[in-house]
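Chemist: The letter at position 223 of the sequence shown is residue 223 when you use UniProt numbering, and the numbering goes up by one with no holes.
The beta carbon of each residue, even a glycine, is placed where N, CA and C say it ideally should be.
Keep in mind that this is a model prediction, so the values were computed, not measured.
Take a look at the following structure, please.
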Amino acid sequence: MKPKQRQTEILEYLQGQGPTTVEELTAFFKTTGTTIRKDLSRLQLEGAVIRTYGGVMLNRDEGDQPINRKTLINIDKKKRIAHCAAELIGEGDSLILDAGSTVQQMVPYLANFNNITVMTNSLSIVNELVELNNDQVILMPGGTYRRTSASLHGSLAESAFSQFSFDTLFIGADGVDLNAGVTTFNEVFTVSQAMCRAAKKIVLLVDSSKFGRRSPNVVCSLASVDVLITDKGIADETAAQLRDMNIQVIIAGED
């Protein structure tokens with residue numbers, strides 16, 4: 001296994017299991033303690049983890065990792081969620097795609113559409129859309145480039161979204177709290193709020209690890225969410241509570 005792949009899987013492991021020891025990681029990945037320590041040193045340098053005596057835990061700001069690393073975490077779940085999301089799109093729709101790693105997985109499925117309009121602040125998504133080489137209309141706002149998320153933010157971006165009205169926003173989150181709502185570590189979250197105001201329908205794409213996690217910044221309340229797409233890991237009680245809020249809950253991979 002290549003170091004980058006193992007480091008990504010270490011983050012997935014910590015996300016699911018919580019703080020752990022070097023010995024547990026060594027046993028799980030069937031490698032040496034020296035190799036794991038090198039991986040943890042790299043992850044600590046990137047700000048993804050915090051080293052403790054003999055162990056490691058996710059940095060409280062783990063949700064704000066570089067987009068290229070976030071994209072690889074829980075990748076299979078994200079692809080299934082994205083596939084379900086794409087099934088909600090029809091020809092002629094106008095869409096906003098936020099800069100989240102789960103939303104980015106929708107792009108390959110958009111190859112099936114020609115007559116759609118897509119606006120996004122994500123440079124990664126724009127580059128992938130261009131590669132599809134079809135007749136979609138692609139819009140981007142202005143704004144200040146943010147390297148971590150490879151996206152545009154600031155007052156120019158917010159103003160650009162306020163000039164339009166779109167059918168659907170597809171948006172991700174770093175945490176979903178039943179009381180606080182849709183939350184993110186991203187300190188420039190106001191552009192996400194502008195996206196919410198510009199869309200008639202909000203579709204939230206989150207893997208089940210995000211439930212019960214509350215990040216510092218609130219993007220919108222759950223009352224604003226029309227559809228939530230997640231994976232089979234969601235607790236039955238949580239799904240029921242969301243449905244009681246009149247949110248359509250779609251579980252990817254469920255018949």
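1. The ligand MG and F28: does the residue's C-beta get closer than 6 Å to at least one heavy atom of that ligand?
2. Beta carbon of E128, beta carbon of V103: below 7 Å?
3. Can you have a look at M195 and say buried or exposed, based on whether 16 or more other CB atoms are within 10 angstroms of its CB?
4. Alpha carbon to alpha carbon, what distance is there between N74 and E12?
5. Using the rule of at least 16 other Cβ atoms within 10 Å of the residue's Cβ for burial, across every protein chain shown, is R146 buried or exposed?
6. Going by the CB atoms, is the gap between A86 and Y109 shorter than 7 Å?
7. In the DSSP output, what is L122 paired with across the bridge?
8. Can you list, in chain order, the residues of its chain with a C-beta nearer than 7 Å to that of T26? Leave out the 5 residues immediately preceding and following it.
9. Quick check for students: name the residue ranges of the alpha helix (DSSP H) that lie wholly in the segment 74-138, counting only runs of 4 or more.
10. Between which two residues does the alpha helix (DSSP H) harbouring R243 extend?
11. Going by C-alpha to C-alpha distance, which of F164, I125, L204 sits closest to I247?
12. Suppose you measure from the CA of F189 to the CA of V219; what does that come to, to the nearest Å?
13. With distances taken between CB atoms, is the gap from P3 to M57 smaller than 7 Å?
14. Buried or exposed: L45, going by 16 or more other Cβ atoms within 10 Å of its Cβ?
15. At the level of alpha carbons, what is the spacing between A252 and S159?
16. DSSP state of E9, grouped into three classes?
17. Give the DSSP bridge partners of residue 259, in chain order.
18. Straight-line CA distance for N186 to G142?
19. Just confirm the distance between the C-beta atoms of L222 and G181, as a whole number of angstroms; I'd bet it's less than 8 Å.
20. Please state whether DSSP places G33 in a helix, a strand or coil.
21. State yes or no: is the C-beta of S224 within less than 7 Å of the C-beta of I202?
22. Based on DSSP bridge pairs, tell me the residues matched to Q248.
23. Do the segment 74-84 and the segment 110-118 meet, that is, are 3 or more Cβ pairs less than 8 Å apart?
24. In whole angstroms, give me the CA-to-CA distance for D39 and R6.
25. Thinking K232 and A173 are a contact (beta carbons under 8 Å), I'd like their distance in whole angstroms, please.
26. Among all the DSSP beta bridges, which residues are the ones paired with L169?
Modeler: In terms of the structure at hand:
1. With respect to small molecules bound, the structure shown includes none, and the ligand MG cannot be examined in it.
2. No, these two residues do not count as a Cβ contact at 7 Å.
3. buried
4. 7 Å
5. buried
6. Y109 places its beta carbon less than 7 Å from that of A86.
7. The sequence as given places Ser at residue 122; Leu does not occur at that position. Partner(s): S151.
8. T32, G33, I36
9. 75-86, 101-104, 123-132
10. 236-244
11. It is L204 whose Cα lies nearest to the Cα of I247.
12. 7 Å
13. no
14. exposed
15. 34 Å
16. helix
17. Because the chain spans 1 through 255 in this model, residue 259 falls outside it and cannot be assessed.
18. Approximately 18 Å, taken between the alpha carbons.
19. Confirmed, Cβ separation roughly 5 Å.
20. Note: G33 maps to helix in three-state DSSP.
21. Closer than 7 Å, so yes.
22. V227
23. no
24. 8 Å
25. Not quite, the Cβ-Cβ distance comes to about 18 Å (not below 8 Å), so this is no contact.
26. For L169, which the question treats as bridged, DSSP gives the partners I96, I202.
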